[in-house]
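K.L.:
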Amino acid sequence: MLSDSSPTSLMNPAIPGLVWAYHFHPGAAPCTRLPLDAARSDLEVGDGFLWLHLNLVDSRVNAFLENFPGLTPPAIAALTTHDTHAAVTLDEQLVYGTLVDFQREFDSETRDIGWLHFFVSDRVIITTRLQPLRSIDRVRAAIEKNASRYKKPIDVFETLVAEFQRTLIALVMELTEEMNIIEDFVYDNTPRDERRRLAPIRRTVVRLHRHLRTVLTLLRRAAATDDDEMPPGFDDAASRLIGRLEAADHDVYALQERARLLHEEIDSKLSSETNRHLYILSLMTAFLLPPTLVTGFFGMNTASLPFEGNGSGTAYAFGLIVISVLAAWWLLKRTGIL
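Here the sequence shown stands for residues 149 to 486, where the numbers follow my numbering.
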């Protein structure tokens with residue numbers, strides 16, 4: 149049983165790290181948002197269920213969760229971990245672990261990966277995070293708009309994963325538009341090196357695909373768990389989420405392949421441009437090599453050069469230079485190089 153052992157204030161709240169808390173209950177008013185200065189006794193819900201969202205920046209969250217009823221040590225570890233990898237664990241009709249999300253600034257949305265830790269039972273869902281996250285904020289907005297659709301904690305969990313999928317699709321569309329612009333420059337008549345602009349897109353897509361595949365694998369494994377270990381409604385929710393994430397994974401994989409092919413096209417065009425420059429350089433070398441030999445020969449063995457006496461040897465040297473250039477041109481033309 150939770151006890152209210154200290155005065156509640158915003159500076160020293162009874163629920164440390166509280167970002168928001170919702171009490172879902174059946175009836176005409178399906179959802180009530182608890183104030184930030186709520187007491188611990190407010191968490192003792194007689195009907196419905198509770199959603200607590202906590203900020204791990206507050207170091208007192210660990211101690212608060214250790215005294216929260218219904219939390220097992222592995223669940224507490226999952227809620228307070230700083231690990232950066234996804235995890236979904238089912239144990240005695242409890243679900244806990246870590247989900248992937250995207251960080252959000254106060255005035256903008258980013259593409260940086262964030263991590264949402266969660267715990268789901270039949271009476272409560274607890275989520276924790278270090279940075280503000282994009283998807284979970286949208287879930288809160290959806291609850292404020294229509295809370296009647298959430299009948300049990302697993303419904304909130306399903307919405308969290310579904311919002312991540314929607315955010316992922318929106319990000320894929322943004323990356324697709326950026327790739328379209330790069331593609332237009334790549335296939336333009338004027339060659340340009342767009343690898344620097346393409347590199348962050350490829351890096352983002354690869355990370356998205358890796359984390360998405362991990363979440364998919366974890367949900368498939370969880371859906372294959374014995375029914376005794378599953379909380380009510382998890383099997384159906386997992387099936388729907390797997391279908392959603394598989395569709396998103398197909399789009400992310402297609403974008404990854406497109407980025408790879410575009411990178412290969414850029415490399416191919418740059419290689420062709422380099423080969424063209426080497427071809428021109430080779431031709432210049434072929435044309436200039438015979439005159440170089442002639443000038444070297446006359447420079448060593450000719451007594452009458454320009455600015456030395458009458459300079460009558462210059463005419464012979466110049467004539468041989470012209471003849472050598474023409475001979476080189478004829479030879480290149482005959483062999484098909486020109």
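Glycine included, each C-beta is placed from N, C-alpha and C at the ideal position.
Just so it is clear, the structure is predicted and the values come from calculations on it, not from any experiment.
According to the Cβ coordinates, are L410 and L356 closer than 9 angstroms?
P.N.:
Not closer than 9 angstroms, so no.
K.L.:
CB-CB under 7 angstroms to L219, same chain, minus the five flanking residues each way: which ones, in chain order?
P.N.:
Taken in chain order, the residues that qualify are L213 and F267.
K.L.:
How many whole angstroms separate the CB atoms of T507 and V209, which I take to be in contact at a CB cut-off of 8 angstroms?
P.N.:
The structure shown does not extend to residue 507, since the chain spans only 149 to 486, so no value can be given for it.
K.L.:
On a CA-only basis, which of G262, A475, E240 and F216 is nearest D190? Give me that one, please.
P.N.:
For the residues G262, A475, E240 and F216, the minimum Cα distance to D190 belongs to F216.
K.L.:
Here's the rule: buried if 16 or more other CB atoms are within 10 angstroms of the residue's CB, otherwise exposed. What is G196?
P.N.:
When all chains shown are included, G196 counts as buried.
K.L.:
According to DSSP, which residues form a beta bridge with A235?
P.N.:
A235 is bridged to T246.
K.L.:
Does G194 pass the burial test, meaning 16 or more other C-beta atoms within 10 Å, or should it be called exposed?
P.N.:
Flag for G194 reads exposed.
K.L.:
Quick one, are the C-beta atoms of R259 and T362 less than 9 angstroms apart?
P.N.:
Not in contact: R259 and T362 (Cβ atoms no closer than 9 angstroms).
K.L.:
Return the bridge partner residues of V334 from the DSSP annotation.
P.N.:
The partner list for V334 (beta bridge, DSSP) is empty, contrary to what the question assumes.
K.L.:
Within 10 Å of its beta-carbon, does P221 have 16 or more other beta-carbons around it, so buried, or fewer, so exposed?
P.N.:
Per the 10 Å Cβ criterion, exposed.
K.L.:
Can you tell me which of Q241, V236 and L242 puts its alpha carbon nearest to the alpha carbon of V248?
P.N.:
It is V236 whose Cα lies nearest to the Cα of V248.
K.L.:
Should R344 go down as buried or exposed, given a rule of 16 or more other Cβ atoms within 10 Å for buried?
P.N.:
Looking at its Cβ environment, which holds fewer than 16 other Cβ atoms inside 10 Å, R344 is exposed.
K.L.:
What's the C-alpha gap between D206 and T228?
P.N.:
About 11 angstroms.
K.L.:
Would you kindly work out how many angstroms separate the C-alpha atoms of Y427 and D415, rounded to a whole number?
P.N.:
Roughly 18 angstroms separates the two Cα atoms.
K.L.:
Assuming contact is defined by CB atoms lying nearer than 9 angstroms, are H230 and Y244 in contact in what I supplied?
P.N.:
No, the Cβ-Cβ distance between H230 and Y244 is not below 9 angstroms.
K.L.:
Is T373 helix, strand or coil by DSSP?
P.N.:
Reduced to three states, the DSSP call for T373 is coil.
K.L.:
Could you check if W478 is buried or exposed, using at least 16 other CB atoms within 10 Å of its CB as the buried criterion?
P.N.:
It counts as exposed.
K.L.:
With a 10 Å radius around its C-beta and 16 neighbouring C-beta atoms as the bar for buried, classify M321 as buried or exposed.
P.N.:
Per the 10 Å Cβ criterion, exposed.
K.L.:
Would you list, in sequence order, the uninterrupted beta strand (DSSP E) runs of no fewer than 3 residues that lie entirely inside the stretch 257–287?
P.N.:
For the stretch 257–287, whole beta strand (DSSP E) runs of length 3 or above, ordered along the chain, are 257–268 and 272–277.
K.L.:
Looking at the structure shown, is G467 part of a helix, part of a strand, or coil, going by DSSP?
P.N.:
Three-state result, G467: helix.
K.L.:
Under the three-state reduction of DSSP, which class applies to N423: helix, strand or coil?
P.N.:
Note: N423 maps to helix in three-state DSSP.
K.L.:
To test your reading of the DSSP string, which unbroken alpha helix (DSSP H) runs of 4 or more residues are found completely within the stretch 175–236?
P.N.:
The qualifying runs are 209–214 and 221–228.
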